[in-house]
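Notes follow once the structure below has been shown.
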Amino acid sequence: MHPSRKDIAYHVYGIGNAIVDIVTEVEHDFFEKNNIEKGVMTLVDEQRQQELMRAIDMKKSKLTGGGSAGNTVTAISQFGGKAFYSFLVGQDELGKFFLDDLATNGVDTNLTYGQCPSGHTGRCLVMTSPDAQRTMNTFLGVSSFLSPEHLQEQAIRQSAYVYLEGYMVASPKGHAAMLEAKKIAERHGAHVALTFSDPSMVKYFSKQMEEVVGASVDLLFCNDEEAMIYTGTYSIAEAREKLKQVAKKFVVTLGANGALIYDGDTFIHVEPYRVLAVDTNGAGDMFSGAFLYAITHGHSYAEAGKLASLASSNVVAQWGPRLDAARLRKLLQAIKA
Numbered sequence: 001m002h003p004s005r006k007d008i009a010y011h012v013y014g015i016g017n018a019i020v021d022i023v024t025e026v027e028h029d030f031f032e033k034n035n036i037e038k039g040v041m042t043l044v045d046e047q048r049q050q051e052l053m054r055a056i057d058m059k060k061s062k063l064t065g066g067g068s069a070g071n072t073v074t075a076i077s078q079f080g081g082k083a084f085y086s087f088l089v090g091q092d093e094l095g096k097f098f099l100d101d102l103a104t105n106g107v108d109t110n111l112t113y114g115q116c117p118s119g120h121t122g123r124c125l126v127m128t129s130p131d132a133q134r135t136m137n138t139f140l141g142v143s144s145f146l147s148p149e150h151l152q153e154q155a156i157r158q159s160a161y162v163y164l165e166g167y168m169v170a171s172p173k174g175h176a177a178m179l180e181a182k183k184i185a186e187r188h189g190a191h192v193a194l195t196f197s198d199p200s201m202v203k204y205f206s207k208q209m210e211e212v213v214g215a216s217v218d219l220l221f222c223n224d225e226e227a228m229i230y231t232g233t234y235s236i237a238e239a240r241e242k243l244k245q246v247a248k249k250f251v252v253t254l255g256a257n258g259a260l261i262y263d264g265d266t267f268i269h270v271e272p273y274r275v276l277a278v279d280t281n282g283a284g285d286m287f288s289g290a291f292l293y294a295i296t297h298g299h300s301y302a303e304a305g306k307l308a309s310l311a312s313s314n315v316v317a318q319w320g321p322r323l324d325a326a327r328l329r330k331l332l333q334a335i336k337a
């Protein structure tokens, strides 16, 4: 955090696509039958998503609050941090569900139900296959209209970190909001953290992502595939050297192999916690949330990596992208012990 700043009200200010997740299990052949690219996030229109929802077993599916940055700020709040979230949902049942979920988890927001626009709240069909891979088809709904006007400059000014969700580069207005949020953060001395979110965002929206990164970001979160795509390299050893040119500090998650952290001076390898993976949905979001909580509460980058690795391993060992607050507090105590 910024020891010289006395006006910190939030540890993290997040901005991202507000999405209600519809989590379901599918077999391996489901993707080929329904012409779905497996293992990535694909943006779809409402008609396409309705087709897929008819193809799955909705009775066995579960609704959860989602959205990448939404998951991250929720985790920060559950750990005991203070988080703010800028987003957009519709004035419908899913929108109320999303708002109530944030309020229950203690996250401050830019929106109340009465301020929600007409239209449909964004939703994501999260399809988990037997190999624990998650494949997402997302209909953004009104979230695609999230723009600079929905930012709260006062809250950004009072934040230690501004956390930008990479998925937003796919929307022109969202991209503009990312650029403006970064500009406001830099003006007020808040650190800027960015997550690439998904390989498809780096691959298909490389120009927009490069504009957000600009000269650099203070802290970058990505996985190994995203790191290599963005840097145009074919190994983590090469990618990590090139990432130094675009991020002052960064974290590269390595799946079952743990994570690689660059703290600005040295590289730190974080060992994984071995678990039986059943659902990878939300693992990266939880890693970011736990890591940001830790570094804004006096922990070193190595300690933050351990907490993030432990928390994300607990996420992949269950269905759904989130853990409850009591469980996260136990994980925090385990790391402290």
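With the numbering used here applied, the sequence shown corresponds to residues 1 to 337, in that order. Think of the CB as a built atom: it goes at the ideal place given N, C-alpha and C, for glycine as much as any other residue.
Between the options, which lies nearest to residue i when the distance is taken from Cα to Cα?
i    : options                : result
L260 : E241, P321, V275       : E241
G141 : A155, G81, G95, G264   : G95
L179 : V217, G67, W319, Q133  : V217
N339 : E51, I156, T121        : Coverage of the chain is limited to positions 1 through 337, which leaves residue 339 absent and any answer about it impossible.
P199 : M41, G16, G70, E303    : M41
E400 : A55, I22, N17          : Outside the shown range of the chain (1 to 337) lies residue 400, about which nothing can therefore be said.
I22  : Y230, R329, T64        : T64
D92  : F79, V73, Y85, Y113    : Y113
D324 : T74, T24, V44, C124    : T74
V252 : D224, F267, R274       : D224
T24  : Q152, C124, G264, E153 : C124
L194 : V20, F79, F221, A181   : F221
E46  : F139, T128, V126       : F139
Which of the three DSSP states is assigned to residue i in this structure?
i    : result
M1   : Confidence in M1 is poor, its pLDDT being 45 and thus under 50, which makes the residue's placement unreliable; the coordinate value appears in the next sentence. Coil, per DSSP.
K370 : Outside the shown range of the chain, which is 1 to 337, sits residue 370, and nothing can be said about it.
G14  : strand
D21  : strand
E165 : strand
A337 : coil
L102 : helix
S143 : helix
D108 : strand
Alpha carbon to alpha carbon, how far is residue i from residue j?
i    : j    : result
M286 : P272 : 14 angstroms
M58  : L102 : 24 angstroms
A185 : R134 : 33 angstroms
F291 : L307 : 7 angstroms
P148 : D108 : 18 angstroms
F205 : A337 : 43 angstroms
R329 : A294 : 12 angstroms
G214 : V246 : 8 angstroms
H2   : A190 : Interpretation of H2 is limited by its pLDDT of 46, a score under 50 that renders its predicted location unreliable; no figure is taken from the coordinates.
S4   : H120 : Note on S4: pLDDT 48, under 50, position unreliable in the model; the coordinate value appears next. Their backbone Cα atoms lie some 43 angstroms apart in a straight line.
A132 : A177 : 33 angstroms
L310 : H297 : 17 angstroms
F87  : L331 : 28 angstroms
T233 : E210 : 16 angstroms
H188 : A160 : 10 angstroms
Does the structure place the region 161–181 close enough to the region 311–325 that three or more beta carbon pairs sit under 8 angstroms?
no
Runs of 3 residues minimum, wholly inside the region 177–217: which ones carry the beta strand (DSSP E) assignment?
191–195
Where in the region 259–335 do unbroken runs of the alpha helix (DSSP H), each at least 4 residues long, occur, reported from the N-terminal end onward?
Annotation note: the region 259–335 contains the following uninterrupted alpha helix (DSSP H) runs of length 4 or greater, listed N- to C-terminal: 283–295, 301–316.
Using 8 angstroms as the cut-off, can you tell me whether the region 80–87 makes contact with the region 10–22, which would need three or more C-beta pairs spanning the two stretches below that distance?
yes
Any chance you could list the beta strand (DSSP E) runs of at least 3 consecutive residues sitting entirely within the region 6–92, in chain order?
10–15, 19–25, 41–43, 62–65, 83–86
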